[in-house]
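For reference, the structure is listed below as structure tokens.
Protein chains: 2
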Amino acid sequence: MIKNSVVIVDDHTLLSQAIAGMVNTFNKFKVLYTCKNGQELVDKFNASPQNIPDVVLMDINMPIMNGIETTEWIEKNYSYVNVMALSVEDEDATIIKMLKAGAIGYLLKDTEKTELEHALNEIVENGFFHTKNVTNLLMNSISGKNDHSITFKEREITFMKLACTELTYKEIAEKMCLSPKTIDGYRDVLFTKLNVKNRVGLVTYAIKNKIYTL
Amino acid sequence: MIKNSVVIVDDHTLLSQAIAGMVNTFNKFKVLYTCKNGQELVDKFNASPQNIPDVVLMDINMPIMNGIETTEWIEKNYSYVNVMALSVEDEDATIIKMLKAGAIGYLLKDTEKTELEHALNEIVENGFFHTKNVTNLLMNSISGKNDHSITFKEREITFMKLACTELTYKEIAEKMCLSPKTIDGYRDVLFTKLNVKNRVGLVTYAIKNKIYTL
DNA sequence: AATTTTTACAGGAAAAACACCCTTTTCTTT
DNA sequence: AAAGAAAAGGGTGTTTTTCCTGTAAAAATT
């Protein structure tokens, strides 16, 4: 891992490049590279130990592999890497998911340049950073009765994403190299798990919870 | 108006600052200031002729005064200022609205840094810039035929919204006080109209196009 | 008033979705 | 090694969806 190095993950190339430029003006920090999605980051990380940064600035809504999944992967394989979420989202559920996935901070895209620098400093110095936004949320979360977040298995998520397309279950089975009957099972399990009546319910749930991105 | 000057309008402070930094690295261009929304731009423009830029990079989704309204205002009061839309949206309807409002170009946020520079150059040199995205759209729009802006009847919209819920078609028929067979008809028409294969396609279309809100 | 378009509805058939109940195999975990 | 959970698959039957081809009345155009 390279100390004070930063990687930016965002599907909007222009933005990741612009933020990269900005971070590079903080003379303490250096951007190693940028990624368009989680998959790219996974590839980079696996390619070389030279590619492992100190901090990852992670967008949440991305195609192919979103911020939550990617953060989980990092946590599992490179737990010493600091992930900070950088998103337009200010939905509580999303923030909680990111933090659960292992993000150590959450920054909205409408913050100031100086705040970003401050946040990066906090992270590499103290290993954490939180806006008031997040700390309030954590307080409520600990004291509260929230947390109705359902966990999914890898296969279930894959299935759900495909169920959001126009493929029939038979076609989904083919794509996943499984018997249609197995797909039947996944569907039944998810229906009861999510308490939905049909595929439409599944689709809207998946979109609402950013499992599938339009 | 100050030649080769740029103003950026985006409610995400971090992004507008980052892009400002990027534009300033194009040594031909200089960023005058950034705005969080259209109202701020109006105020700035009215304050001093020194504040009128050559190009405005305009986000579309903003609170208080959005990109379309703001572009219309600029067109009305400072028609010589070049507005280029800079957005995550790639919905045809939105692009058309921006162009109608007077934007001379449309750039997605997932373009490359060099593309932005190129676009700015084109604008100040030739007075226009279009991605393939936009030119294709204009071609189709002129030659008619390809109808991108699909219009819906009141009943179709009602039906579509209900189709996004977990109700069966029979239940939807009851809700709309129509025979199930009539609903059959609406569905069939919409399927061909939107070129989708099944109800999932209809649901995702409706959500994507903000006909149904989650 | 005549014509066209829209809206509402029907029957029938095939495909897909949905519901339940059940078996085998393969991993973990203890 | 035993227990248990997770993953994959089978059988059977019902319901819903989807895709056709039509018809008839109402509404809008001409």
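Here the protein sequences come in this chain order: C and Y.
Numbering follows our numbering, in which position 29 of the first sequence is assigned residue number 29; successive positions increment by one, without gaps.
Numbering follows our numbering, in which position 33 of the second sequence is assigned residue number 1033; successive positions increment by one, without gaps.
We put the beta carbon where it would ideally sit given N, CA and C, even for glycine.
From a predicted model like this one, the values you see are computed outputs, not experimental measurements.
Per DSSP, residue i forms a beta bridge with which residues?
i, result
"residue 1085 of chain Y", "Y:1058 and Y:1106"
"residue 30 of chain C", "C:5"
"residue 35 of chain C", "C:9"
"residue 1053 of chain Y", "Y:1002"
Give me the Cα-Cα distance between residue i and residue j, rounded to the nearest whole angstrom.
i, j, result
"residue 1086 of chain Y", "residue 1019 of chain Y", "11 Å"
"residue 1096 of chain Y", "residue 1106 of chain Y", "10 Å"
"residue 1158 of chain Y", "residue 1199 of chain Y", "15 Å"
"residue 191 of chain C", "residue 184 of chain C", "11 Å"
"residue 99 of chain C", "residue 1006 of chain Y", "38 Å"
"residue 172 of chain C", "residue 189 of chain C", "16 Å"
"residue 1069 of chain Y", "residue 1080 of chain Y", "17 Å"
"residue 1153 of chain Y", "residue 153 of chain C", "42 Å"
"residue 1204 of chain Y", "residue 168 of chain C", "15 Å"
"residue 174 of chain C", "residue 1102 of chain Y", "48 Å"
"residue 1040 of chain Y", "residue 1055 of chain Y", "16 Å"
"residue 8 of chain C", "residue 48 of chain C", "17 Å"
"residue 30 of chain C", "residue 120 of chain C", "11 Å"
"residue 1156 of chain Y", "residue 1163 of chain Y", "10 Å"
"residue 27 of chain C", "residue 1094 of chain Y", "40 Å"
"residue 57 of chain C", "residue 43 of chain C", "17 Å"
"residue 71 of chain C", "residue 23 of chain C", "21 Å"
"residue 67 of chain C", "residue 209 of chain C", "13 Å"
"residue 1065 of chain Y", "residue 1112 of chain Y", "28 Å"
"residue 122 of chain C", "residue 73 of chain C", "23 Å"
"residue 1170 of chain Y", "residue 1181 of chain Y", "9 Å"
"residue 1088 of chain Y", "residue 108 of chain C", "17 Å"
"residue 179 of chain C", "residue 1179 of chain Y", "37 Å"
Would residue i and residue j qualify as a contact pair, given that the criterion is a beta-carbon distance under 8 Å?
i, j, result
"residue 75 of chain C", "residue 1196 of chain Y", "no"
"residue 1083 of chain Y", "residue 1004 of chain Y", "no"
"residue 1110 of chain Y", "residue 118 of chain C", "no"
"residue 1207 of chain Y", "residue 1161 of chain Y", "no"
"residue 1053 of chain Y", "residue 1002 of chain Y", "yes"
"residue 1046 of chain Y", "residue 1032 of chain Y", "no"
"residue 1201 of chain Y", "residue 25 of chain C", "no"
"residue 14 of chain C", "residue 1116 of chain Y", "yes"
Buried or exposed: which applies to residue i, given that a residue is buried once 16 or more other Cβ atoms fall within 10 Å of its Cβ?
i, result
"residue 1215 of chain Y", "Shown here, chain Y extends from 1001 to 1214; a query on residue 1215 of chain Y therefore has no answer."
"residue 1187 of chain Y", "buried"
"residue 16 of chain C", "buried"
"residue 214 of chain C", "exposed"
"residue 1151 of chain Y", "exposed"
"residue 193 of chain C", "exposed"
"residue 34 of chain C", "buried"
"residue 62 of chain C", "buried"
"residue 1077 of chain Y", "exposed"
"residue 1114 of chain Y", "exposed"
"residue 1177 of chain Y", "exposed"
"residue 126 of chain C", "exposed"
"residue 60 of chain C", "buried"
"residue 1142 of chain Y", "Low confidence applies to residue 1142 of chain Y: its pLDDT is 47, below 50, so where it sits in the model is not reliable enough to give any reading."
Worksheet item: Enumerated in chain order, which unbroken segments of the alpha helix (DSSP H) with a length of 4 residues or greater are wholly contained in the segment 1160-1205 of chain Y?
Response: Secondary structure within the segment 1160-1205 of chain Y: the alpha helix (DSSP H) runs of 4 or more consecutive residues, fully enclosed, are 1169-1175 and 1180-1194 (chain order).
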